[in-house]
Every structure is written in C-alpha cells, then in structure tokens.
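Take a look at the structure set out below.
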Amino acid sequence: DTGVSQNPRHKITKRGQNVTFRCDPISEHNRLYWYRQTLGQGPEFLTYFQNEAQLEKSRLLSDRFSAERPKGSFSTLEIQRTEQGDSAMYLCASIEGFGTEAFFGQGTRLTVV
Amino acid sequence: RKEVEQDPGPFNVPEGATVAFNCTYSNSASQSFFWYRQDCRKEPKLLMSVYSSGNEDGRFTAQLNRASQYISLLIRDSKLSDSATYLCVVPLYGQNFVFGPGTRLSVLP
Chain G
1 DTGVSQNPRH
11 KITKRGQNVT
21 FRCDPISEHN
31 RLYWYRQTLG
41 QGPEFLTYFQ
51 NEAQLEKSRL
61 LSDRFSAERP
71 KGSFSTLEIQ
81 RTEQGDSAMY
91 LCASIEGFGT
101 EAFFGQGTRL
111 TVV
Chain H
1001 RKEVEQDPGP
1011 FNVPEGATVA
1021 FNCTYSNSAS
1031 QSFFWYRQDC
1041 RKEPKLLMSV
1051 YSSGNEDGRF
1061 TAQLNRASQY
1071 ISLLIRDSKL
1081 SDSATYLCVV
1091 PLYGQNFVFG
1101 PGTRLSVLP
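Chains G and H supply the protein sequences, listed in that same order.
All residue numbers for the first sequence refer to this note's numbering, where the first residue is 1 and numbers rise by one.
All residue numbers for the second sequence refer to this note's numbering, where the first residue is 1001 and numbers rise by one.
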C-alpha cells in the first residue's frame, strides 16, 4: 500500500454519462498527477497540481475532462459525456517534490459501454 | 523525437539469464530518472531511482549516460517473478513525469 487511494476501483458507465473519480494523495505531498493508461501503453499524462493550483494540462485532454484539487488535498477527475474511447485505467500519483519518486494509487478502471 | 523512448519488447529470456533494457530521453536538462515496474493490470511501482551515474540494488543495476541521453536497466540472474513491464520515467523540470511506453519482460522456466 503506497498511501495513495483512488475511488472507485472500477466503474462501468453508459456512453454519454458523466463520471467522477477521486484520489487521496499522501498528505504531505504537494504534487498530484493524473494519468490515463490503456492496455499495452505506458501511462499518459493528463494533468498535474501543485497544491491547489492546476499547473499543466495535456493537449490531449479534451474539454470533456476537468480536474480539481480544492484546498490542495484530494483531487477529483470528471469526464463528461463519456465515449467508448475513454475506457482506460486512470491513475493518480502523489509526489513530495520535483525530482522525487511518484507513488501511485491502484487506479480506477473505467469501462464505457 | 519522443520525450522518452523504450523498446516495447517483448523480451523473452530463460530463468537465470541477464537482460538489459535501454531508455532514451530527449531533454538534456533532466537530472533524475526512475525505473518503475508494472505488473499486469496493476499500478506502477518504483524499482530504482537514478540521480547520478547509476544505481545498484541486488540483481538490478541502472546506469545513466548523459552524453548519449539514455539510461539502462540490467537484470542479472532473472527470476520468473521478474516478468513484468518496466517503465522508464523522466521528470521534466516544472512539468510532468513523462513515462516511456514500457518494455515487457517474460522470464521463461
């Protein structure tokens, strides 16, 4: 157990529905990252926060995706109007500071049917 | 050129073999590097950090070549339990952790 928790672990949703995932990072870590991973690929960067500030978003992140980290603690990732191509594992990583290792949660596996 | 590149494999090696993977990166300013191990349908877990020329931990050795901009991971005396995907990670200053696509290793009995 890395100390990073993600909920839910699995989510099945119908196309067009909205979904929200939550990540609780290690409490003293100020950086939080979201990644998406599909089978056979490495994790693909989505966005990251330093404390409550969202510092970077991937160009691949469409307007249907939004992330928040109110108060610099937990973070949520919302996908609106889900599409089948959104089916993937969504990983959250907690990092104490730049250049240090990332600790991952167990991920949320999303299936859009 | 992609920011981080790896040979996806798969590398199929017999138990006891020595196997090496390379990872090339494009940003010459990168100062720290990581190898993560990922088992099927699980989250990545840190295997080794590389901050200077290299690092060694038991059967695992990571080396950094800044001039050629690559890091390598050497696994000696491969075990069946080493079968996994090995991800190279390069933090980009002020930006995100960039993952390579991963190299799949299968150690065969």
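Idealized CB from N, CA, C, for every residue including glycine.
- Bounds of the beta strand (DSSP E) holding G/A67 are F65 to E68.
- When DSSP reads this structure, H/R1104 sits in a beta bridge with H/T1085.
- G/E44 has G/R36 as its beta-bridge partners, per DSSP.
- Of all C-beta pairs linking the stretch 1008–1020 of chain H to the stretch 56–75 of chain G, fewer than three are shorter than 8 Å, placing the two stretches out of contact.
- Contact annotation: in the stretch 35–49 of chain G, residues whose CB is within less than 7 Å of a CB in chain H are Q41, G42, P43, F45 and Y48.
- Counting the other Cβ atoms within 10 Å of the Cβ of H/C1040 gives fewer than 16, which makes it exposed.
- Leaving aside the five residues that flank H/N1022 on each side, the residues in its chain whose CB is nearer than 6 Å to its CB run, in chain order, Y1070 and S1072.
- Separation of H/V1098 and G/G42 (C-alpha to C-alpha, rounded to the nearest whole angstrom) is 9 Å.
- Excluding its 5 nearest sequence neighbours in each direction, H/Q1063 has C-beta neighbours in its own chain below 6 Å: G1054 and S1072, listed in chain order.
- Spatial neighbours of G/R109 in its own chain (CB-CB distance under 6 Å, excluding positions within 5 residues in sequence) are listed in chain order as H10 and M89.
- Your pair G/R22 and G/T100 does not check out as a contact, with CB atoms roughly 23 Å apart and the cut at 8 Å.
- The C-alpha of H/D1082 is placed about 24 Å away from the C-alpha of H/Y1025.
- Per DSSP, the unbroken beta strand (DSSP E) holding H/Y1025 starts and ends at V1019 to Y1025.
- According to DSSP, residue pairing for G/I26 in a beta bridge does not occur.
- With its beta carbon less than 8 Å from one in chain G, H/N1096 belongs to the interface.
- Among the residues of the stretch 1011–1036 of chain H, those with a Cβ less than 9 Å away from any Cβ of chain G are Q1031, S1032, F1034 and Y1036, in the order of the chain.
- At the C-beta level, H/L1087 and H/G1100 come within 8 Å of one another.
- At a Cβ-Cβ threshold of 8 Å, G/D86 and G/I79 count as neighbours.
- The Cβ atoms of H/V1050 and H/S1032 lie closer than 8 Å to each other.
- For the options H/Q1006, H/E1003 and H/P1010, the alpha carbon positioned closest to that of H/L1108 is the one of H/P1010.
- Considering only beta carbons, the part of the stretch 1047–1061 of chain H lying closer than 9 Å to chain G consists of S1049 and Y1051, in chain order.
- For H/N1055, the enclosing beta strand (DSSP E) begins and ends at G1054 to D1057.
- When DSSP states are grouped into helix, strand and coil, H/L1092 belongs to the coil group.
- Looking from the CA of H/G1102, the closest CA among H/R1066, H/F1034 and H/E1056 belongs to H/F1034.
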